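Everything in the sequence shown is counted per my numbering, starting at 14 for the first residue and increasing by one. For each residue, glycine too, the CB sits at the ideal point set by N, CA and C. In this text, all values refer to a predicted model and were calculated from it rather than measured experimentally.
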Amino acid sequence: MCGIVGYIGPREAYPIIIEGLKRLEYRGYDSAGIALFDGTDLKVSKTKGKVADLEDRSDKEISKTGNVGIGHTRWATHGVPNDVNSHPHLSNSGDLVIIHNGIIENYESLKQELISRGYTFKSDTDTEVLINLIEDVKKKENVKLGKAVQIALNQVIGAYAIAVFDKNKPEEVVVARLGSPLAIGIGENEDEFFIASDASPFLEYTKNAVYLEDEEMAVIRFHKGIKIRKIHDDSLVDTYVQELQINLEQIEKGGYDHFMLKEIHEQPKAIKDTYRGRLRRNDAIIKMAGVEDNMKKFLNANRIIIVACGTSWHAGLVAEYIFEDLARIPVEVEYASEFRYRNPVIREDDVLIAISQSGETADTLAAIKLAKSKGAFVFGVCNVVGSSIARESDAGAYTHAGPEIGVASTKAFTTQITVLTLIALRLARAKGTISSSDFRQHLLELEMIPKKVEKALESDENIKKISAVYKDVSNFLYLGRGYNFPVALEGALKLKEISYIHAEGYPAAEMKHGPIALIDENMPIVVIATKKGHYEKVVSNIQEIKSRKGKIIGIVTEGDVQVKQLADHVIEVPETLESLSPLLTTIPLQLLSYHIAVMLDKNVDQPRNLAKSVTVE
């Protein structure tokens with residue numbers, strides 16, 4: 014989940030790498046480091062902390078000149094976050110330097126073998142083992158750096174995206190990937206090259222990029238271009254250059270205090286962008302190429318299996334209700350991390366839908382590969398164009414949410430639900446499980462959702478006042494029923510992620526089966542109680558809470574009277590169909606978690622111990 018950046022070309026490398034690391038800091042911010050070749054020697058600076066700390070240290074430690082360099086921002090796996098374990102790592106000779114995203118699983122056995130040959134280690138990382146393995150191969154086999162990297166990688170087990178260079182041959186950088194993303198930006202005249210975990214570090218310099226596939230490596234030579242090979246069999250791979258579709262403005266804060274707040278407020282546009290061109294209300298049709306081209310697969314499916322992690326898993330739970338309710342197709346929602354290890358029953362007539370914002374989630378990728386090996390049809394839902402899941406899936410649909418930089422997902426959740434709703438509606442229409450009038454009503458309501466999200470966002474000041482009341486509590490409960498049970502789970506997750514307050518989400522009826530024991534005058538309970546659905550049942554649950562002196566924050570439909578009389582606080586959302594209500598009820602929960610975290614002076618965009626893209630197990 015670390016971020017890697019590199020540059021080779023005619024410009025000064027330092028400012029490009031530092032700015033690139035700032036844009037990738039959402040991927041990890043335990044430590045940061047940089048290595049530059051200044052024309053005569055290799056200069057390395059690294060430190061525990063953030064990229065700003067690296068800048069301060071670099072000012073004191075190194076010359077910032079040089080036209081080739083690599084940088085790294087870390088989310089710790091092997092070895093605690095400290096200066097020594099920070100990347101880049103040097104080989105014993107000091108000639109080779111590496112940055113690495115991923116985990117080398119057999120590093121301990123490789124380390125012991127290298128120790129027996131006289132190598133020593135300063136850090137606790139698997140990465141230092143890898144760079145010394147590359148050096149050992151280079152010396153023993155008397156081969157160039159690219160070949161040494163290839164031979165070494167054939168000895169390791171695990172996941173990686175790496176960039177390596179040799180100070181004795183600084184006109185080239187060697188990169189490789191397996192399970193972790195890696196993009197190569199190509200300058201206009203092909204006389205400079207950018208390396209990064211995603212395209213954001215080089216957007217202002219080029220729109221042309223090559224994405225390495227798994228088990229591919231590339232030797233990048235100044236003025237000589239890129240040569241890509243398969244790691245295992247050394248075969249050459251054609252270089253496929255893609256034109257990037259995002260721009261620099263999309264990855265800036267745009268006047269908001271935090272990326273998370275910006276992305277919460279971007280949801281009306283993001284939802285509209287997600288259904289634009291797909292939802293044609295006047296013609297009463299939904300058109301999605303990935304679904305249309307594989308309609309028989311969906312219609313003949315024995316069941317749909319949804320695999321995802323975190324927020325995407327919650328979107329999958331909402332989709333379970335939608336697919337079963339509208340399209341009458343059985344659905345199972347699985348944590349990708351559990352699915353891959355429990356020997357699941359997968360049949361050739363199953364459809365697996367994999368959901369991931371980044372398209373790089375390691376466990377979800379592994380679940381895809383398992384399902385494909387069993388003959389299942391895999392449909393990917395992700396946000397990042399050209400990502401690993403997009404390429405690995407048989408077909409799929411992008412959410413078109415735009416870059417999401419805040420670690421706590423917001424617009425990813427609502428746009429994933431939007432895509433999954435479109436698919437369910439299209440399948441329901443094809444199967445005849447929804448009437449023409451209901452179908453048209455759903456299209457109309459879905460088209461109105463962006464405006465209704467804007468209306469829900471107008472409750473911000475009210476939510477800020479509620480946040481001030483409860484910012485110092487130790488626990489929260491979130492309750493919902495039906496379509497809004499997954500929203501309760503997502504609301505609790507958001508609060509945990511960025512405020513570090515313990516919170517749990519439950520189906521409202523399950524409160525009596527244990528959680529009710531926690532309720533007292535100090536316990537705030539967020540209850541999603543919109544009019545559509547199980548309203549009267551939820552009102553009964555609220556009365557049970559009230560009788561035990563719990564503090565009730567009600568998420569209600571505009572104009573609600575009954576819950577307003579019972580709750581300590583209410584937050585109104587516009588009325589819509591029950592199946593679409595999660596797109597609105599999640600908005601106040603996102604804002605509640607945001608304001609509480611800000612009031613507690615937490616780092617909203619970079620919460621502790623987390624990273625945006627989980628590319629390791």
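Let me make sure I understand the geometry here. Which of the options has the alpha-carbon closest to that of residue i?
i    : options                   : result
A340 : G445, R293 and S369       : G445
E256 : V344, A222, Y288 and G329 : A222
E38  : V18, V304, V576 and I335  : V18
K135 : K151, L158, L383 and P101 : P101
A516 : L506, M524, E25 and E523  : L506
E347 : V64, A379 and F235        : A379
F206 : M536, I21, K465 and W326  : I21
K59  : I31, R36 and E121         : I31
K309 : S480, A443, I558 and D247 : A443
A408 : D96, K525 and I381        : I381
E25  : W326, S76 and S104        : S76
K562 : T543, V539, N535 and H547 : N535
K61  : L55, T53, D54 and R70     : R70
S104 : R355, V57, D72 and N119   : V57
A212 : D204, A196 and G200       : A196
Starting from the C-beta of residue i, find all residues in its chain whose C-beta is less than 7 Å away, skip the five residues before and the five after it, and write them out in chain order.
i    : result
V250 : E229, I241, R242 and K243
K285 : P463
Under the three-state reduction of DSSP, which class applies to residue i: helix, strand or coil?
i    : result
E154 : helix
I161 : The displayed chain sequence assigns Ala, not Ile, to residue 161. Three-state DSSP puts A161 in a helix.
G527 : coil
Q255 : strand
V617 : coil
N397 : Inspection of the sequence shows that residue 397 is occupied by Val rather than by Asn. Correct three-state label for V397: coil.
N114 : strand
F272 : helix
H100 : coil
S369 : strand
G52  : coil
F134 : coil
T599 : helix
Y3   : Outside the displayed range of the chain (14 to 630) lies residue 3, so it cannot be described from this structure.
L249 : strand
R442 : helix
So, using beta-carbon positions, are residue i and residue j closer together than 9 Å?
i    : j    : result
T428 : L593 : no
W88  : D43  : yes
I430 : V586 : no
F311 : L438 : no
V420 : Q619 : yes
G171 : I208 : no
Y491 : Y513 : no
V394 : E405 : no
I233 : V304 : no
T324 : A425 : yes
N98  : D66  : no
L158 : L109 : yes
T133 : H91  : no
G115 : Y173 : yes
R40  : T86  : yes
T598 : I529 : no
A297 : S487 : no
E277 : I175 : A quick correction: the sequence has Ile, not Glu, at residue 277. No, the Cβ-Cβ distance between I277 and I175 is not below 9 Å.
L292 : L459 : yes
I318 : E345 : yes
Report, in whole angstroms, the separation of the C-beta atoms of residue i and residue j, which I expect to be a contact under 8 Å.
i    : j    : result
P214 : V81  : Incorrect: roughly 15 Å between the Cβ atoms, too far for contact.
E467 : P281 : 5 Å
M301 : A414 : About 16 Å; that fails the 8 Å criterion.
T377 : A367 : 5 Å
A328 : D363 : Actually they are not in contact, since the Cβ atoms of A328 and D363 sit about 20 Å apart, beyond 8 Å.
T219 : G238 : Not confirmed; about 14 Å, so no contact.
E503 : L602 : 7 Å
E591 : K545 : 4 Å
R316 : P357 : No, R316 and P357 are not in contact; Cβ-Cβ is about 12 Å, not under 8 Å.
P595 : P499 : 7 Å
G16  : S210 : 5 Å
R494 : K564 : In fact, because the Cβ distance is near 20 Å, the residues do not count as touching under 8 Å.
Whose C-beta lies closer than 6 Å to the C-beta of residue i among residues of the same chain, with five residues either side of it excluded?
i    : result
K151 : A161
S400 : G372 and E373
V583 : G567, V569 and K577
Give every residue of the same chain whose Cβ lies closer than 8 Å to the Cβ of residue i, excluding the five residues on either side of it in the sequence, and list them in chain order.
i    : result
L146 : L123, L127, A165, Q168 and V169
E510 : V420, A421, S606, P620 and L623
M612 : S480, A481 and K484
E361 : K387, G388 and A389
Less than 8 Å separating the Cβ of residue i from some heavy atom of the ligand FMN?
i   : result
V57 : With respect to the ligand FMN, the structure shown offers nothing to examine, as it has no ligands at all.
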